[in-house]
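The sequence shown begins at 9 in the working numbering and counts up by one.
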Amino acid sequence: MTTSNGNQQKTDRVFIFDTTLRDGEQAPGCSMNLREKLAVANQLHRLGVDIIEAGFPISSDGDFEAVNEIAKQMGNYDNPMTIAGLARAREGDIVRAGEAVKPAKRPRIHTFIATSPIHMEYKLRKSPAQVIEIVTAMVKLARSIVEDVEFSLEDAGRTEFDFMCEVTAAAIEAGATTINVPDTVGYCQPAQYADRIRYLRKHTPGIENIVISTHCHNDLGLAVANSLAAVMEGARQIECTVNGLGERAGNASLEEIAMNFRTRSDFFPMHCNINTAEIYRTSRLVSEMTGQRVQANKAIVGANAFAHESGIHQDGMLKYKETYEIMTPESVGWTGEGMVLGKHSGRHAFNTRIKSLGYNLSDEEAEAAFARFKELCDKKKDVYEDDLIALADEVLFKGSSQTWELVSYEYAAASSGKPSATISLRQNGEEKAATCNGDGPIDAAFTCIDELTEEDIRLVGFVLDAVTEGEDALGRVTVTIEREAGIRVKGRAVSTDVVLAGIKACINALNSLQVQEAHEEARRSGEAVNRGAV
Ligand code: KIV
Ligand code: ZN
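So, in structure tokens, the structure goes:
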């Protein structure tokens, strides 16, 4: 096959490099704990991602642990993904990333340094010659640790063309196996970005032996367009994230890339290995785990992506679907809201359905989810697949500790007078209650919880949405809390009563905080022992 610059491409396979757990998680409000990251990593495997960037190991002990654990656990698959750890072009970063990815069957170190004039002068305060020296030394170091080394020219989108080729040649010479050309600030236009890739391929010695990668940010809404323009010029790896999460306006969205290849296979002479039927579920899981709701009109995974509202469109759809539908909802795994189970469904049918949705609950978790399902059947006429997923997620991510348990609650709000709530909690068998006022029933309830738990926490996020449509829909609340020390955790809960969902989400978050802090403490004391031994 021939590209527009006349070069022969080696393969028509495009590798999908998912950075939801690194660039995506870096975005404000998107942080995930280890269990959440593992759930996402497992789902990315089901989705058919080739490489996951699991984190930035030097940035925190939590990041190191997550990369390391993902590297261990993903090795259990017969067809394991490559696990990458990010590292600045610094010795400490590279060594740490190497340790983190070591257990992976396919480990990769991804190292980077800025190469644009503006970044070199103002951020790095280094000359171009110094940058090249660092690239050579650091890529060599990374290559002495792992076989698979990716080098990124940060802000490549604003790097001078000839310097870009010079740096790339140095990185290849030093042993890089993938060269990434990030449009870090989302500045490039598709034709310019394509020119850049074409120029790089034409003027860089050794480039024919490595994979060229894209990493496009979406500041001007062009991340996907730029990535696709680049593959037409020979790039064979696309870095992207689920739901387009990432720094500022985010990264190229994985689902949009995959569906472009699938829907326009008449246009693209290449393909990727994404199992598109897993897209919808992956999107929902990432939305759940990060607490970031997907905008309704988001391409591919938004709630309205396949909804046809206008009369003319509906008429056309009824006569012949393809009049307005270029891809089917089923192709992205959206199976509709069809009622799945009801009041009379038994434990066996429930468990089978939960398993088919990809959940592997322990007996105890399955029992708790079934009890919640039965409660729901009494309150809600139709129980949909999305309801089951919300229940399973609530149980699964509740946290192993139940330090605080809700015994009872009561709230009152009216157009006159101050809203109030009375909450009773149990801790280690002991019950205590508080009554407080607030700006609304949730505020009043949270004030009670504060008073009862005496925890020094700050509420940093509260997201409420409906799991499905209809008046009796489950309300889902994700609460993010933070302690002074900077530890952030999320708690989730669903209920047909949104105030109750808020109260339970807050208690779940508090319980998760206890687990996380105990974990941190154990790790710190373990570390102290290790340090003592050195
Ligand atoms: O946007 C960027 O340049 C990055 C690099 C670290 C690859 O995220
Ligand atoms: Zn980035």
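Just so it is clear, CB atoms sit at the ideal spot from N, CA and C, and this is done for glycine as well.
For residue 302, the three-state DSSP class (helix, strand or coil): Of the three classes helix, strand and coil, the one that applies to residue 302 here is coil, per DSSP.
Check: residue 223 C-beta below 6 Å from any heavy atom of the ligand KIV: Yes - the ligand KIV has a heavy atom lying nearer than 6 Å to the Cβ of residue 223.
Please determine, among 159, 152, 151, the residue with the shortest C-alpha to C-alpha distance to residue 140. Taking each of 159, 152, 151 in turn and checking the Cα distance to residue 140, the smallest one comes out for 159.
Alpha-carbon to alpha-carbon, residue 219 and residue 187: In a straight line, the C-alpha of residue 187 is about 6 Å away from that of residue 219.
Rounded to the nearest angstrom, how far is the Cβ of residue 509 from that of residue 483, given a contact under 8 Å? At roughly 5 Å, the Cβ-Cβ gap stays under 8 Å, so residue 509 and residue 483 are in contact.
7 Å Cβ cutoff met for residue 201 and residue 237: Taking 7 Å as the Cβ cut-off, residue 201 and residue 237 qualify as a contacting pair.
Return the residue from the list 429, 475, 46 that minimises the CA-CA distance to residue 457. Ranked by Cα distance from residue 457, the first of 429, 475, 46 is 429.
If you measure between the beta carbons of residue 184 and residue 157, is that distance less than 7 Å? In this structure, residue 184 lies near residue 157, with their beta-carbon atoms less than 7 Å apart.
On the DSSP letters alone, give me the boundaries of the beta strand (DSSP E) that residue 90 sits inside. Per DSSP, residue 90 belongs to the beta strand (DSSP E) from 90-96.
Distance between residue 222 and residue 437 (C-alpha atoms, nearest Å): Residue 437 and residue 222: Cα-Cα distance of roughly 56 Å.
Buried or exposed: where does residue 135 fall if 16 or more other Cβ atoms within 10 Å of its Cβ makes it buried? For residue 135, the number of other beta carbons within 10 angstroms of its own is below 16, and it is reported as exposed.
Within a Cβ cutoff of 8 Å, which residues of the same chain sit near residue 419, ignoring the five residues on either side of it in sequence? Excluding residues within five positions, the ones whose Cβ falls inside 8 Å are 427, 428, 429, 430, 449, 452, 453, 507.
Just to check, is the beta-carbon of residue 120 closer than 6 Å to a non-hydrogen atom of the ligand KIV? True, at least one ligand heavy atom lies under 6 Å from that Cβ.
Kindly list the residues whose CB is nearer than 7 Å to the CB of residue 307, restricted to its own chain and excluding five residues on each side of it in sequence; keep chain order. Residues 264, 313 of the same chain have their beta carbon placed closer than 7 Å to that of residue 307, with the five preceding and five following residues left out of the count.
Going by beta-carbon coordinates alone, are residue 88 and residue 75 separated by less than 7 Å? Not closer than 7 Å, so no.
Exposed unless 16 or more other CB atoms sit within 10 angstroms - verdict on residue 85: Residue 85 counts as exposed, since fewer than 16 other C-beta atoms from the protein chains shown sit within 10 angstroms of its C-beta.
Thinking C-beta only, is residue 241 closer than 7 Å to residue 205? Yes, the Cβ-Cβ distance between residue 205 and residue 241 is below 7 Å.
Straight-line gap, residue 341 to residue 285 (C-alpha atoms, nearest Å): It is roughly 4 Å from the alpha-carbon of residue 341 to the alpha-carbon of residue 285.
Report whether the distance from the Cβ of residue 125 to the nearest heavy atom of the ligand KIV is below 6 Å. Not under cutoff, so the answer is no.
Helix, strand or coil at residue 274 according to DSSP, with G and I counted as helix: Per DSSP, reduced to three states, the secondary structure at residue 274 is coil, with no helix or strand assignment.
Is it the case that the Cβ atoms of residue 26 and residue 57 are separated by a distance below 7 Å? Contact: yes.
May I ask you to list the residues that DSSP assigns as paired with residue 471? In the DSSP output, where bridge partners are listed per residue, residue 471 has 486.
State yes or no: is the C-beta of residue 31 nearer than 6 Å to some heavy atom of the ligand KIV? The ligand KIV approaches residue 31 closely enough that one of its heavy atoms is under 6 Å from the residue's Cβ.
Cβ pair residue 278, residue 44 closer than 7 Å: Not a contact, by the Cβ cut-off of 7 Å.
Is the CB-CB distance between residue 143 and residue 179 below 7 Å? Closer than 7 Å, so yes.
Contacts around residue 42, its chain only, beta-carbon distance under 7 Å, and the 5 residues preceding and following it disregarded: Non-local beta-carbon contacts of residue 42 in its own chain, meaning distances under 7 Å to residues more than five positions away in sequence, involve 73, 74, 77 in chain order.
Would you check if the distance between the CB atom of residue 290 and the CB atom of residue 55 is smaller than 7 Å? Yes, these two residues count as a Cβ contact at 7 Å.
Considering only DSSP beta bridges, list what residue 331 is partnered with. As far as DSSP is concerned, residue 331 takes part in no beta bridge.
On the criterion of 16 or more Cβ atoms from any shown chain inside 10 Å, does residue 192 qualify as buried, or is it exposed? That one is buried.
Would residue 117 and residue 95 be called neighbours here (beta carbons separated by less than 7 Å)? Going by C-beta atoms, residue 117 is nearer than 7 Å to residue 95.
Range covered by the beta strand (DSSP E) that runs through residue 410: No beta strand (DSSP E) contains residue 410, which DSSP labels as neither H nor E.
Which of helix, strand or coil does DSSP assign to residue 428? Judged by DSSP in its simplified three-state form, residue 428 adopts strand.
Given residue 233, which residues of its chain have a CB within under 6 Å of its CB, disregarding the five upstream and five downstream residues? Answer for residue 233: 198, listed in chain order.
Leaving aside the five residues before and after residue 433 along the sequence, list all residues of the same chain whose C-beta is less than 8 Å from its C-beta, in chain order. Excluding positions up to five away in sequence, the list reads 412, 413, 414, 415, 439, 440, 441, 457, 460, 461, 515.
Quick check: what's the CA-CA separation for residue 20 versus residue 271? In a straight line, the C-alpha of residue 20 is about 16 Å away from that of residue 271.
Return the residue from the list 353, 165, 315 that minimises the CA-CA distance to residue 125. Among 353, 165, 315, the Cα nearest to that of residue 125 is on 165.
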